[in-house]
Amino acid sequence: MKRLLLPLLLFTATFTYAQQFGGNPPSIKWKQVNTPVARVIFSQGMDSAALRVAETIQRMNRLIQPTIGYKQRQVSIVLQNQTTISNAYVGLAPFRSEFYLTAGQNSFDVGSLPWPEQLAIHEFRHVQQYNNFNVGLSHGLRVIFGEGGQALANALSVPDWFFEGDAVYNETLVSQQGRGRLPYFFNGYRSLWAAGKDYSWMKLRNGSYRDYTPNHYPLGYMMVAYGREQYGNDFWKGVTHDAAAFNTGFFPLQGAIKRHTGVEYANFRNAALNHFKKQFENDKSDKPDNKNQHFIADHEYPAYVNDSTLIYLKTTYKHIPQFIIKTGSREKVIAVQGITTDNFFSYYNGKIVYAAYRPDIRWGYRNYNELVVLDVNTGKEHRITRKTKYFSPAFSADGKIIVAVQVAPTGKSELHLLNAADGKLLAALPNTAGLFYTYPKFYGDGKLISAVRNSKGEMSLALVDIKSGATRYLLPFSFEPIAFPQVQGDRVYFTKTAGLNDRLFALEIANNRLFEVQKTPKNGSIGYYQSTLNQNKLAWTGFTAFGYQLNEVKRSDIHLIPINNSQAFSALPDMGISVLKNDSASNVSASVKPDSLPITNYSKLHGLFNFHSIFPSLNDPNYSLQLVGNNVLNTFQSQLTFTYNRDEGYKQIGYEAAYGAFFPYLLAGADYTFDRRGFYNGNSIYYNETAIHAGLQVPLDLSVGKYSTALSLSSSVYYSRNTFQEAFRSMFKDSYYTYLSNTISFRNQSQQAKQNINPHFAQSISVNYKTAIAGRDANQLLTTGTFYFPGLAVNHSFVVSGAYQHRGQNNGIGFSNDFPFSHGYTAENLDDMNKVAVSYHFPIAYPDAGVANLLYILRLRGNVFYEQTHATAYNFYTDGSEFKANFRSAGAALFFDTKWFNQGAVSFGVRYSRLLDNDIFGGSGRNRIEIVLPVSIF
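The sequence shown begins at 273 in the working numbering and counts up one residue at a time.
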């Protein structure tokens, strides 16, 4: 981030999704189901999932349009089945959606509905939102800037809580489940209410580096559901239309709510929260002693070593996830957990096993969950599987076998038995019922118990015979989620939603007698999760305003209360939102029937040049306008660009294209630059440049274990023609030349905790070498490196960086200047430059304060720095002598990590540089004060 001369940017909205350029190998053959509403694009073998998505969208579309609007533009939905990540998005710039089809294990989190159906229900509501928010000023910005303009306007006018809350309401409306009916979904707010935390609206919206705050999903649902309950199902249609059109002033949605309700926005939101707070008023009984306590830690998946010793995973805002062994009150760190997609682990006799995330080295949409065994005594890890998609591993009673859930690219779920020593596959159990397995556990030597989902999304506990694969269901199927089974003797303990709570149950397997576990101290926590037992004790985690906290009780003190199925199973609660049942779209997903929709081939060349947006870019010294295009498969990127360079004063127009479906990437482009500036004999010279280039790039993701690592190799050949401007044509001849530009970049970093300003360990190194191969003699080498280390305190960071640039004497090519000059000086492109810099970064305060729903300050942080650049220029003076000088500066910076309009994250700062040498190429004086601003508007 370099200096900007003017505070041009007061708000930054970024629209970054989990897109991976060129993320699929070319061997994949794409198919499509093409309907007027959605084009569902999928790889061979995913026909049933694609049809389920298309049929669900087609069935519910007309029924839910009246509550958002009738504008309709077809969206392309790409089904990604090579990943272990459970997610999806709909985005503008370009208008497309991606579904990541591997379902998660925790059914409390997003429910247990079939994953493709769940994504279709939720994400298609976003499609309808974007289609109908293209109005008024939002439409005007779209006309000027394309889809990116609408995306910016929509983000400024309609808050993220509405986007997600409305989509969660849609889940809850059109199905028998949906997060709006799941107690787990409200745990964040329940914990704050139970703890007496009365955070301001701005803190709830913007978060905190010190205190836990729920994300915008539950907040949005409560606001949306309350609005529909009180003002009718079409209430939000009018509100969001006025907001997206900017019809109601500076805070569009707030003004629109007042217009349509006659109620002040603050009163509306308080009433919405109070409606749901009343649903959970019984949570108030256990308030903690310290109302002002900040976030402590998440303690997850406890496991007994013995009566006095527990192992669990601990995550704080200062530290990344660590395996902890606790004896009495003493905690000891075993090891840092590797990068994972969830925190589940299993323990047995000094060994921990968990599924570690690992990306494919080349294809971004392909990644794996590989099993890792950790020795508790030594802290050493052993990776026992490669290129697998395993979840929720668990040891057998003797520790020799591991059972894990394998999720195939087709979405099929299987139970795999593996050798715990080397990961060798011993057996894959048949799954003829099409179940989705979660959290399997061994029951004796010959059976497994797993929480399972059926094809409707209902859940039960299944007892699976290892030899025959025969399955017996221990509980009736229902839409109440079940998770975290734990076997102790002939009983299995598990957590199941029942009414307004996630409660702990025990089932005697031999006779199917069901009990609820009672007389357990809650200690101010919500829910019973991740239970563990030994002969004498029971432990579990409960959610609090200070993180997941451990609870422990003697088994002799608990009561097992017998209950029958009618007491244990019932319909999920509506949380006081009666309109969920009074809508023509209520539970419409249950009526989705297989349809004979045609399946055809989808061409990889379809819509290659899909220009969608004009993006301004402020990346000092370059200021650009970019007309950007991406195809739906995200294998082809292209952009037309106009750039102004502040250092040299040149202007450039260009076209760039990259094709990422091959290995390596194919790169090509052309640029015309006018008013390039160079120095000769102490004077400026000006010329114009035409360039055509083509090249290759090899991006490699080498991440494994606890570090994210990337290596990129690229090589491009440039043909360039320099035409000197009229005043210099008598001194220099026009020239033509060809040169190679070769780049190696390497990045490696450890995981980073929430409060860490920088990773504790990270390295970023780049080497670029340009050399002429025809027409001229010229070369330029630029190397840069930045190295991050821990500071004196846990959130402090010590950074060392360096750079070296050399260009040949009497270079016939004026290569561009990308050297990071010392702060405060006017930069010039000289023949030899080297730089060393050190900086120390530290937090100052966490204000958690804002003003007028406009600006919210999360953190103040500072840094002090020293930088030294030594530069040499040959034939600099008119007599041919060389120039040498040092450019040293020292100073400090104050940065503000903020949110604007309760949504857009912006970090900006003020930097003071004291020049220790003369600013030879710039102004007078030794003091420089600069405003450091973000560099991207879109």
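All C-beta atoms in this analysis are idealised placements derived from N, C-alpha and C, irrespective of residue type, glycine included. As the structure is a prediction and not an experimental result, all values here were calculated from the model.
Could you have a look at residue i and say whether DSSP puts it in helix, strand or coil?
i	result
residue 495	helix
residue 691	strand
residue 376	coil
residue 747	coil
residue 1209	Reliability fails at residue 1209, whose pLDDT of 44 lies under 50, so the model's placement of it is uncertain and no value is given.
residue 570	strand
residue 1144	strand
residue 456	helix
residue 1131	strand
residue 794	coil
residue 909	strand
residue 430	coil
residue 851	helix
residue 611	coil
residue 739	coil
residue 273	Note that residue 273 scores a pLDDT of 32, beneath 50, so its modelled location is shaky; the value from the coordinates is reported in the next line. The answer is coil: DSSP assigns residue 273 none of H, G, I, E or B.
residue 763	strand
residue 680	coil
residue 322	helix
residue 1078	strand
residue 438	helix
residue 507	helix
residue 412	helix
residue 480	coil
residue 464	helix
Could you check how far apart the C-beta atoms of residue i and residue j are, in whole angstroms? I think they sit under 8 angstroms.
i	j	result
residue 689	residue 675	6 angstroms
residue 695	residue 657	4 angstroms
residue 1043	residue 1009	At roughly 11 angstroms, the Cβ-Cβ gap does not stay under 8 angstroms, so residue 1043 and residue 1009 are not in contact.
residue 513	residue 407	6 angstroms
residue 306	residue 343	Their Cβ separation, rounded to whole angstroms, is 20 angstroms, which puts residue 306 and residue 343 out of contact at 8 angstroms.
residue 860	residue 495	Between residue 495 and residue 860 the Cβ distance is about 23 angstroms, and since that is not below 8 angstroms, they are no contact.
residue 1130	residue 1169	5 angstroms
residue 822	residue 571	5 angstroms
residue 482	residue 566	5 angstroms
Name the DSSP beta bridge partners of residue i, please?
i	result
residue 769	774
residue 967	939, 988
residue 998	None; residue 998 has no bridge partner.
residue 1116	Beta-bridge pairing links residue 1116 to no other residue.
residue 371	351, 360
residue 709	724
residue 1200	1185
residue 339	Its beta-bridge partners do not exist; DSSP assigns none.
residue 1169	1131, 1179
residue 1121	1129
Would you say the beta carbon of residue i comes nearer than 6 angstroms to a heavy atom of the ligand HEM?
i	result
residue 309	Of ligands this structure carries none, so the ligand HEM is not represented either.
Take residue i and list the residues in its own chain whose beta-carbon comes closer than 6 angstroms to its own, dropping the five residues that flank it on each side.
i	result
residue 981	974, 975, 1020
residue 449	383, 385, 751
residue 950	957, 1086
residue 790	831, 833
residue 932	293, 294, 907
Between which residues of its own chain and residue i is the CB-CB distance below 7 angstroms, once the five residues before and five after are set aside?
i	result
residue 1092	1056, 1075, 1107
residue 1116	1132, 1133, 1134
residue 617	573, 585, 624, 625, 626
residue 520	514, 527, 528, 531
Beta-carbon within less than 8 angstroms of residue i's beta-carbon, same chain only, minus the 5 sequence neighbours each way: which residues are those?
i	result
residue 953	1147, 1148, 1149, 1150, 1152
residue 278	Its pLDDT being 28, under 50, residue 278 is placed unreliably in this model, and the coordinates cannot settle the point.
residue 237	Because the chain here runs from 273 to 1210, residue 237 falls outside it and cannot be looked at.
residue 308	344, 346
residue 669	714, 716, 717
residue 568	588, 818, 819, 821
residue 324	386, 388, 389, 392, 864
Query - Every unbroken beta strand (DSSP E) within the segment 516–597, with a cutoff of 3 residues, ordered by chain - result: 570–578, 581–587
Query raised in the report: Could you give the uninterrupted runs of the beta strand (DSSP E) lying entirely in the segment 630–677, keeping only those of 3 residues or more?
Result: 639–647, 653–655, 662–667
Query raised in the report: Which whole runs of the beta strand (DSSP E) in the segment 992–1062 are 3 residues long or more, in chain order?
Result: 1007–1022, 1034–1046, 1051–1062
Report task. Scan the segment 827–875 and note each continuous alpha helix (DSSP H) run of 4 residues or more that stays entirely inside, going in chain order. Result -> 837–840
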